[in-house]
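FYI, numbering that gives the first Met the number 0 numbers position 117 of the sequence shown as 116, with every residue one higher than the one before it.
Below: one structure, written as structure tokens.
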Amino acid sequence: MSEPILETQGLTRLFGTGEGLVRAVDNVDLSVALGEIISVVGESGSGKSTLARLILRLMPPSSGRILFRGTDVTHLHGYTAKKAYWREVQAVFQDPFASFNQFFSVEHVLESALRLSPVRPSKAERERLIRQSLEDVKLNVSDVLHKIPHELSGGQRQRVMIARAIMLRPHLLIADEPTTMIDASSRATVLNVLLDLHAGYHPTIMFITHDISLAAYVSDRLIIMRQGQIAESGPVDKVMQSPEHPYTRQLFKDSFSLAR
Ligand SMILES: Nc1ncnc2c1ncn2[C@@H]1O[C@H](COP(=O)(O)OP(=O)(O)OP(=O)(O)O)[C@@H](O)[C@H]1O
Ligand SMILES: [Mg+2]
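Put into structure tokens, the structure is as follows:
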């Protein structure tokens, strides 16, 4: 495998609940190669989003380490350090725009991504970056720029979020169930936007989904998560042809039965 962009070592996150301790992410060791598309697959509650939030440094781990390009980022302190990290590591989530005011325009939402820029770009440069990002996700600039989320379809909203995430060309893009909440007819468009971006500037993509056949379609390698742990992992062909874990076989069965 080529140089890893991301590694986790013994990564663990516990949550205390009324019923006791939940091991949401439990001793996860993973290594993601620069430029690959890797999928994290597992049933609901298996720890996929918690793993994403830990890698994004949106919450601290209970134990373990996260290395990004060989540098320990487990304990980033302060906004400046996090800002530098988030220029390199961006995400899109299941619910597009959930974290934004519903009256913000697309332009405003995209512009806000530029806060991560070390130096604030000039007005002309900001406009260029915003236009470019919308073109990257195949949205018509004049069509969507001044709209608010309600005036867009779910698929368009998710493409705006992808545009925002990739505007500063992060090296790692985490896509957590990006097509789950959008209508079936827009799903392929959103997936193709991600695949075209990958073909264009080769960001490393961590694709999170409960649908193993979708994961197999988009990625090079699969990480199968079960109850916070990695049940198995490997190249897509290997996991598809000879899944080792009964849980993986069940994921394939469920996936194909949902497909029709
Ligand atoms: N903030 C939290 N407080 C308490 N428990 C949590 C918290 N976040 C997640 N959990 C628990 O951790 C486990 C993993 O949750 P997580 O959201 O990471 O799973 P997931 O694989 O993303 O599921 P889904 O497919 O439904 O999105 C679950 O048991 C969940 O209830
Ligand atoms: Mg989740």
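Backbone N, C-alpha and C define an ideal beta-carbon position, used for all residues, glycine too.
All values reported here derive from a predicted model rather than from experimental measurement.
*What residue from I222, V91, S104 has the CA that sits closest to D166's CA?*
According to the sequence shown, residue 166 is Met rather than Asp. Taking only the C-alpha atoms, the option nearest M166 is V91.
_Distance cut-off 7 Å: G46 Cβ against heavy atoms of ligand 1_ = yes
*Quick one: measure Cβ to Cβ for T208 and E176, integer angstroms, because I've assumed they're closer than 8 Å.*
6 Å
_One question on the structure: do S218 and I36 come within less than 8 Å of each other, judged by their Cβ atoms?_
yes
*Alpha carbon to alpha carbon, what distance is there between G77 and S111?*
19 Å
*Since I believe I222 is in contact with S232 (beta carbons under 8 Å), could you give me their beta-carbon distance rounded to a whole number of angstroms?*
5 Å
*asked:* Tell me whether D25, by its Cβ, gets closer than 7 Å to a heavy atom of ligand 2.
replied: no
*By Cβ distance, which residues of its chain are closer than 6 Å to L144, with the 5 residues on each side in sequence left out?*
V105, E106
*With which residues is I229 paired in a DSSP beta bridge?*
M224
*Give every residue of the same chain whose Cβ lies closer than 6 Å to the Cβ of M58, excluding the five residues on either side of it in the sequence, and list them in chain order.*
R52
*Taking the C-alpha atoms as reference points, what is the distance between G154 and D71?*
36 Å
*Which two residues bound the contiguous alpha helix (DSSP H) that contains M160?*
153-165
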